[in-house]
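J.:
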Amino acid sequence: MGKLLKVGLFILFCLSSLAGCFDAEDIENFNIPLIAAYDVAENREEGVDVTVLYPNVAQRNREFVEKISGKAIGDTRAGRGTRYPSTLLLGDIQVALYGKDLACQGLGPYIDNYVRDPRIKKSLFMVVVEGRGDQFLERAHKINPYLGFEIPGLFTSKKKNQFYAVTTLHDFFHAVNTAGKNPVVCTMEVLPNGQYRVSGTAIFKKDRMIDVVGMDETIPLILLRGEEGCCGFIPFVVKKDGKVIDKGTVEINSKRKVRVQREGEKFIFYIKLKITGRLVEHYATNRLILEDKNCIKDIEKALAGQIKKEGVKLIHRMQDEWRVDCLDITKYALAKWRKEIKDVVEEETFVKNADIRLEVEVDIPFWGAKN
Amino acid sequence: MDKSRFEITSKQLIFIIVGSEVATGILSLPRVLSAEAGQHAWIAVLTGALVPLICIYLIDTLYRGFDDPDFVRVSHALFGKALGSLLVITFILYIIFFQGIVIRIFAEITKIFLLPRTPLYIILFLILLPVYYAVSKGGRVVGRLNEILFWILLIDLLVLLVLLPLGDYTLLLPLKDLDYKGLLKATRESFYSYAGVEILLILYVMVRKKEEVFKAAIVGQFIVIFFYLVTVVIALLIFGFEAIQQLTWPVLNLLSVRHVAVLERLEIVFLLFWLGVGARPAINLSLASAYSFCRLGRLSLARYYVLTSMGIALAIYLVAIWPRDLIEVFQLANYAGFLFLLTSLGYPLLYHIAKFMRKGVINHGKTA
Amino acid sequence: MFPFTRKRKIQTEAIKADMGADDVKLPSRLEEKIDLLKPCLAKNDDIVGRPFYLKGDPGLKAYVVHLEGIVDNISLQQDILRSLMFYARGEDCKEKGLEYIVDHIYRNCLTVTQIQKIGNFSEVIRAVFDGFVVLFFDGISAALSIDIRKVDRRNVEEPVLERALRGSKEGFVENIVVNTALIRRRLKDPNLVVKKFTVGKRTRTDVSLLYVEDIADPEIVRNVSEKLDNIYMDGILGTSYLEQLIEDHHYTPFPQFKTTERPDKAVMELLEGKIIVLADGSPDALIIPSLFVSFLQASEDYVERPIISFYHRFYRYLAFFLAVSLPALYIALLSFNPELVPVQLLISLAQGRDKVPFPVVLEVIIQEIIIQLVIETGLRLPTPMGQTVGVVAGIVLGQAAIAAGLASPAIIIIVAITTISTFAIPNSTMVLASRLVRVFMILMAAAFGMFGFSIGWFLLLVHLISLESMGVPYMAPYAPMRYPDFKDAVYRTFISQMLKRPVSIPVQDKVRKRREDG
């Protein structure tokens, strides 16, 4: 009896296995989108244009771009389905590009499908494109045969040598859904000849973009946000009595410390930037071994002043113009008085009335100096 | 299959306690707890743990007076044939109901993350197949299995720890202004994740060295608490208690936050190992119920145990396929949490009262 | 549980009855004895009978019977016939009685060591067919059976399957006496017990049970002895038959007892408290009980440096994993969970598969079939031809398949790695097991992808844990966990630190080396 049951069970199992393969789909039948761009629909009242960059499986080293318009993102997938026999493999999307107009409308509805689908990785990078996303892809892929790997490479490369925001889907989602946080997203632009580059940073209020800053302001923004492991090159100019006496570049590494105090309804944030650096080039002296310690001191001072000036300017702009916390400092206030200020942190007045004080400390250790 | 096939060591009991409790509950635990207790969700893990700890204490003291601390035997001795059998059957039914829910949630996760187009009934069958196979091999094998699978759980824990540097500590602050009402509610929500400890009622008799049971069970329980604590804290550090509410299974979402070279998708790798964790409570508790059923019907273990374990697996399958959708499953899981309170505290207390009231009967039972 | 156990019981009873049927006491007159033997002599031309007279006046009539070829002829002539015909003092029997003469011959005449007195006809028959020389004397009912067997045997050579770079180059041969001697020579401990059995009703194979008395667990020794005693088969052709008859679990591809061709390995196992079973006719020893980990250990592990051994052992675990699961993983990744593959690799895999008309599953199964056929062919062919076939199959077939669009380059690599991994497993039975388990994994992965693969491994794990080798858990020291044994399972520690014997194997004396021993 027991044996019969065992055999029966085994047969049942075999049958179910044979009837299985419900999910089997061989890779050559997939279209693997690497980059997807989303724009406000051009030719219809409301809706979205989705432009997707695929690698071409049949032809090596070729990628192609395809634009489909639909009522919603899911609708465009259906539209795609009528044209191609192969299925979409959404799990390998590396970068999502959003047109500027779309970002101004608010990205909430357009990241929903990403967050909802468990097959899509939450570490995909988000980028706002100056202009339209479809134009960006169409122009850029013509002269860059490996665009699908180059753009993600901009964000994954471990040793970043420039300051720009790296925002993953998770970061964005987290910031949008957490009180007191607002995301910033890197912006990119493409020149008519197909050259592309990172052009600045988009400032968001929750999921809606409110402004774009250029590369100049991006550097203090990233420094002030205290992004983990951010490092890059900063040129410096040392002036004495209005005369340039020293020039060069420092590769820096920054750390942020925020302290917050409360005086009644007024919050005082002390942001302290601790910057360590390494001389990359130094024009004033052509000797590798520095004889004058003060020379480094001067550089440190000049750099600190320079960063502080830019930072303060940015803080003013934030408080007067944007009135959202794009420096990610509200969380420190929340950590102390979460219950009381939970409801007010999202209001414009909170950032406007806050007193934000910046302190910059630069330390350039040098070796080989004579004592 | 003789009785020696149902012997476990006290060391294995540690891992069985861990294996019976840690299951699908943990995948949604951070969300469920922080919905009520906000950033204090991790405290709810600790307060919720009081129930299993008390349960272990009660069960241990209950069985101290018996020579043969067999659940069925003791039930008969304390409550008489009819009532005792009724209590045992209720317990078995509870296990079947509970494991049905656990397996269903596991199957749902599998369906969503791994096999979206495979019908649920096949996934359920697929999960119950190893469950049945392991249970039919008897207690000794299940003990060993728990021992080896514990290390797989550790792998999963290590995977979680990778994310620790990404966390933002301000999301756990402030520690003050604790909302006691919310904490109480969160504690109640945590019960579902702690269910499984009541298996000790039945497994007590299988442990070789009875005097080590208490220590082993407590150690196992603390491992569980530690594991839950780490998971909840990491989930809160990464997502914060607000964003986490949007995610059905935050622990799985947690793993897709960071890109990992070569493995690519950490959450799928995690889920593959998870089979060893998610199916374990079903294995342990089915073992307990099949064993009790055989003892209850005075069926010989050699002939009927395998058949009984198959029956239990089938019953779990039927319960698992019952709910219509995930919302219903989560509602049932909530009920299961209440039932856990009833079985883990109610049963031992009831038995204690009966033991206290019928002292003479126990002595009689001892000589018998 | 198994249907044939019941049948076997009936069979054994029949055999027992059969044995007792013609158990006749030997008559004293020589003619009658020869008459009894006649049917045997008439049927078998290789049985030689020779009548002769013992020295004396009158000489006592005697008769010698033996099998041709098995007996050492020189010894027969020199030590038996010569001494009996020239030096036996037949006349004494007149004074001291006929019965005396047998003792006399035994004590004074025969210059050989192994002599036995037998009285039953069935014993005579058995002795003749076992290859003994049997002597009959007129008027004496007892017969003498003398062991002067001499079988032509192979020289002790290097083992074929378990070759080692360093260490002993001696391997077991087909002769049980030589094999026992090979072990004795290495283990001079007087506590080494050699217990002999004769197994098989018709083959009457010599089987020896070897163990060190004060180390081995008496429970296991008793168990094995009992099982050997209870074998009622007509033919036992080597240790592999014994293995199948005494194992606990039949429905499994995994070998529960390890065999070794190396005497040094056998001695090592004896010292760990295990039991060695030797059978005449097979050049290997059965190690009882054996653990799963021991199938992944090679004798070099103990010869080479410990750190290197650890490194090598890691590769063997890896080899087992790959041999079992690589094709399954390939299917699961390519047709179920492509998200798990890095994008660059995914695209190049897709490009490779673009021209292949079959689904991934079929592609894998076709390649698996081809490679199994190649292995089977290579095994049976003579070495140079086998190599040619291997090369043809490996290079030409693989290249041609890719060119013809029947296979993608990736699957050729996968199958090649799998096959290489298969043969990196040191034990040949485990190699076969891994080949079968691989098919199971392929089917699981083909139906349910990564999840099916996961289920497959889970089932495999439960199966391995549920196995027992002579009552010892097969997966020890992993399940149940025996932490002290990790020093010779996960890694190998220094020999000087292996102070205790493995806990996984029950032993009497747990300590291998005492500190005070130095």
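Chains A, B and C supply the protein sequences, listed in that same order. With the first sequence counted from 1, adding 5 to any position gets you our numbering. With the second sequence counted from 1, adding 94 to any position gets you our numbering. With the third sequence counted from 1, adding 100 to any position gets you our numbering. Just so it is clear, CB atoms sit at the ideal spot from N, CA and C, and this is done for glycine as well.
For Val-324 (chain B) and Ile-465 (chain C), what's the separation of their Cα atoms in angstroms?
T.: Their Cα atoms are separated by approximately 44 Å.
J.: Could you pull the DSSP bridge partners for Pro-482 (chain C) from this structure?
T.: DSSP output for Pro-482 (chain C) lists no bridge partner at all.
J.: List the DSSP bridge partners of Pro-151 (chain C).
T.: Answer is C:Tyr-163.
J.: Tell me which residue opens and which closes the alpha helix (DSSP H) that Ile-78 (chain A) is part of.
T.: From DSSP, the alpha helix (DSSP H) with Ile-78 (chain A) extends over 78-86.
J.: Measure from the C-beta of Ser-204 (chain A) to each C-beta in chain B and report whether the shortest distance is under 8 Å.
T.: No, no contact with chain B.
J.: So does the segment 318-334 of chain A actually touch the segment 247-259 of chain B, counting three or more Cβ pairs closer than 8 Å?
T.: Touching, no.
J.: Can you give me the C-alpha to C-alpha distance between Phe-173 (chain B) and Val-256 (chain B), rounded to a whole angstrom?
T.: Going from the Cα of Phe-173 (chain B) to the Cα of Val-256 (chain B) covers about 52 Å.
J.: Could you give the uninterrupted runs of the alpha helix (DSSP H) lying entirely in the segment 332-374 of chain A, keeping only those of 4 residues or more?
T.: The segment 332-374 of chain A contains these whole alpha helix (DSSP H) runs: 335-346, 353-358.
J.: Kindly indicate which three-state DSSP category Arg-283 (chain A) falls into: helix, strand or coil?
T.: Strand.
J.: Any idea what DSSP makes of Thr-211 (chain C), helix, strand or coil?
T.: If DSSP states are grouped into helix, strand and coil, Thr-211 (chain C) belongs with coil.
J.: With a CB to CB cut of under 7 Å and the five nearest residues on each side skipped, what residues in its chain are close to Lys-420 (chain B)?
T.: Looking at the sequence shown, residue 420 (chain B) is not Lys but Leu. Taken in chain order, the residues that qualify are Glu-202.
J.: Among A:Leu-284, A:Val-285, A:Ser-259, A:Gly-269, whose alpha-carbon lies nearest the alpha-carbon of Ile-276 (chain A)?
T.: Comparing Cα-Cα distances from Ile-276 (chain A) to each of A:Leu-284, A:Val-285, A:Ser-259, A:Gly-269, the minimum goes to A:Ser-259.
J.: Evaluate Arg-362 (chain A) with the Cβ neighbour count: other Cβ atoms within 10 Å of its Cβ, from every protein chain shown; 16 or more gives buried, anything less gives exposed.
T.: Exposed: under 16 other Cβ atoms inside 10 Å.
J.: Taking only the alpha-carbon atoms, compute the straight-line gap between Glu-400 (chain C) and Thr-360 (chain C) and give it to the nearest angstrom.
T.: Distance between the alpha carbons of Glu-400 (chain C) and Thr-360 (chain C): 13 Å.
J.: Spell out whether any CB of chain B is found under 8 Å from the CB atom of Asn-323 (chain C).
T.: No, no contact with chain B.
J.: Rounding to the nearest angstrom, what Cα-Cα distance links Phe-221 (chain C) and Val-367 (chain C) in this structure?
T.: Between Phe-221 (chain C) and Val-367 (chain C), the C-alpha separation is close to 40 Å.
J.: Please identify, using Cβ separations under 9 Å, the residues of the segment 559-593 of chain C that lie next to chain B, in order along the chain.
T.: Those would be Leu-559, Leu-561, Val-562, His-563, Ile-565, Ser-566, Pro-573, Met-575, Ala-576, Tyr-578, Ala-579, Pro-580, Met-581, in chain order.
J.: Using a Cβ-Cβ distance cut-off of 8 Å, determine whether Gly-169 (chain C) contacts chain B.
T.: It does not; no Cβ of chain B falls within 8 Å.
J.: Compare the beta carbon distance of Ala-507 (chain C) and Val-456 (chain C) with 8 Å and say whether it is the shorter of the two.
T.: Against a cut-off of 8 Å, the Cβ pair of Val-456 (chain C) and Ala-507 (chain C) comes out as a contact.
J.: Quick check: the Cα distance between Thr-213 (chain C) and Tyr-311 (chain C), rounded to an integer number of angstroms?
T.: Answer to the nearest angstrom: the Cα atoms are 25 Å apart.
J.: Would you say Ser-425 (chain C) lies against chain A (beta-carbon separation less than 8 Å)?
T.: Chain A, which has no Cβ nearer than 8 Å to the Cβ of Ser-425 (chain C), makes this no.
J.: Express the C-alpha separation of Trp-368 (chain B) and Trp-245 (chain B) in angstroms, rounding to a whole number.
T.: Cα to Cα, Trp-245 (chain B) sits roughly 12 Å from Trp-368 (chain B).
J.: May I ask you to list the residues that DSSP assigns as paired with Gly-104 (chain A)?
T.: Gly-104 (chain A) pairs with A:Val-134.
J.: Let me see if you follow: with CB-CB separation under 8 Å, is Gln-193 (chain B) close to chain C or not?
T.: By this cut-off, Gln-193 (chain B) is not an interface position.
J.: For the beta strand (DSSP E) containing Arg-267 (chain A), name the first residue and the last one.
T.: First-last of the beta strand (DSSP E) with Arg-267 (chain A): 248-268.
J.: Nearest chain A C-beta to Phe-436 (chain C) closer than 8 Å, yes or no?
T.: It does: the Cβ of Phe-436 (chain C) has a partner Cβ on chain A nearer than 8 Å.
J.: Where DSSP assigns a beta bridge to Pro-114 (chain A), which residues make up the other side?
T.: Answer by DSSP bridge pairing: none, since Pro-114 (chain A) is not bridged.
J.: Give the single residue among A:Gln-311, A:Asn-149, A:Arg-267 whose Cα lies nearest to the Cα of Thr-254 (chain A).
T.: The shortest Cα separation from Thr-254 (chain A) among A:Gln-311, A:Asn-149, A:Arg-267 belongs to A:Gln-311.
J.: Taking its Cβ as the centre, do 16 or more other Cβ atoms sit within 10 Å of Pro-38 (chain A), making it buried, or is it exposed?
T.: Result: buried.
J.: How many angstroms separate the CA atom of Ala-407 (chain B) from the CA atom of Arg-158 (chain B)?
T.: One C-alpha to the other measures close to 32 Å.
J.: CA-CA distance, Asp-348 (chain A) and Gly-132 (chain B)?
T.: Those two C-alpha atoms are separated by around 15 Å.
J.: Would you decide whether Ala-359 (chain A) is buried or exposed? Buried here means 16 or more other CB atoms lie within 10 Å of its CB.
T.: With 16 or more other Cβ atoms within 10 Å, it is buried.
J.: Give the range of the alpha helix (DSSP H) segment to which Leu-181 (chain B) is assigned.
T.: Its alpha helix (DSSP H) spans residues 165-207.
J.: Output, in sequence order along the chain, the residues in the segment 340-358 of chain A whose CB is closer than 8 Å to any CB in chain D.
T.: Among the protein chains in the structure shown, which are A, B and C, there is no chain D.
J.: For Ala-121 (chain C), which residues from the same chain have a beta carbon less than 8 Å from its beta carbon, with the 5 sequence-adjacent residues on both sides left out?
T.: Bear in mind that the predicted position of Ala-121 (chain C) carries a pLDDT of just 48, short of 50, making it too unreliable to give a figure here.
J.: Please classify Ile-108 (chain B) as buried or exposed, where buried requires at least 16 neighbouring CB atoms within 10 angstroms.
T.: Under this definition Ile-108 (chain B) is a buried residue.
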